[in-house]
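As structure tokens, the structure follows; a few thoughts come after it.
Residue numbers (the numbering used here): 4 to 367.
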């Protein structure tokens, strides 16, 4: 039976995630008093019919892609929202993927020191990950997620029917982040075959209830790492497995590489470094690559360009990692039992060697 509601604990405030089978909930949601609806251009074009009941002055349609995740976009939204008289009683309702969540969440957390915010994620990545992460993030000077706040939505509504219009590359991006979660589940090595089956099922886009159940499991794995560390100071850092290189690849490619694909490449890279340090057996690494990682990376059709993997540019981006606290670079690395540890002494030569293994493994 599909879960209908999850309660997410937070010291900021607990909030609920509602799982909806169809789009019927949208009409009631859009009629909340003193509300403003913020939706990205792409989502608006796909689902324009839902927003016809919203008065034009209450509807903000704005480009919300990774390149728009900036202070400039925030300023545009501030100006629009300051026109409303409700002030602190204002409720922002946002529809979209992770960029919408980051930008609108940042605005909601800072305008009047915090206003009500309801979020409807429309991508697999946002449903399974960012919607419950409590974080908002902005890019600055081509560096990924270096500005942000901790501010959860007051409510989240997940409807997997939105995935029916999601571009394939964005679906794979969400699949990449979910793959990371399944590699991080408790006793991951013992449950590896089950994880492979779950990811294969998700890739084949079976029925909505099955997809929703995998999203729920992903959320629960994420919450197990956030428990006792919601502000990302200790154990939650391990959720950055694959993200250090992934964020660098996003930046160097000017966000042509989607987040979840960057994470998969980052996991391949981290595993290669771990093999070099003799922390992870090479056969185990190859098995993970073959069964979980490589099937979900779009290696055909010239999607990746050689300059995306320029070592000097990658290292420069990794030096900007906000979790870096020493001269060395930071990576989350797996050990033989697939437990993870955060390492602060990664050298530039290790990065260069890891990139060589990565590009050879993926074949570009």
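Glycine included, each C-beta is placed from N, C-alpha and C at the ideal position.
Distance from the CA atom of residue 85 to the CA atom of residue 117, rounded to whole angstroms, is 13 Å. Look at residue 323 here: in three-state DSSP terms it is coil, with no helix or strand label.
With contacts defined as CB atoms closer than 8 Å, residue 296 and residue 334 fail to qualify as a contacting pair.
Within the same chain, Cβ atoms closer than 8 Å to the Cβ of residue 311 are found at 252, 255, 256, 259 and 260, the five residues on either side in sequence being excluded. Looking only at 242, 53, 299 and 50, the smallest Cα-Cα distance to residue 199 is reached by 299. Under the DSSP assignment, residue 25 falls outside any beta strand (DSSP E); it carries neither an H nor an E label. With the rule of 3 Cβ pairs closer than 8 Å, the stretch 211-219 does not count as touching the stretch 281-296.
Cα atoms of residue 341 and residue 187: separation of roughly 8 Å, rounded to the nearest angstrom. Residue 40 is positioned such that its CB atom lies closer than 8 Å to that of residue 96.
Taking 8 Å as the cut-off, the Cβ atoms of residue 264 and residue 221 do not count as close. Under a 10 Å Cβ-count criterion, residue 125 is classified as buried, with 16 or more other Cβ atoms of the shown protein chains found around its own Cβ. Of the candidates 13, 72 and 38, 38 places its Cα closest to the Cα of residue 59. The stretch 354-364 makes contact with the stretch 272-286: 3 or more CB pairs, one atom from each, lie closer than 8 Å. The DSSP-derived three-state label of residue 208 is coil. In terms of Cβ geometry, residue 241 and residue 11 do not form a close pair [threshold 8 Å].
Burial check for residue 17: the Cβ neighbour count within 10 Å stays below 16, so the residue is exposed. Where residue 343 is concerned, the enclosing beta strand (DSSP E) starts and stops at 343-349. Two segments are said to touch when three or more pairs of C-beta atoms, one from each, lie closer than 8 Å; by this definition the stretch 89-107 touches the stretch 64-78.
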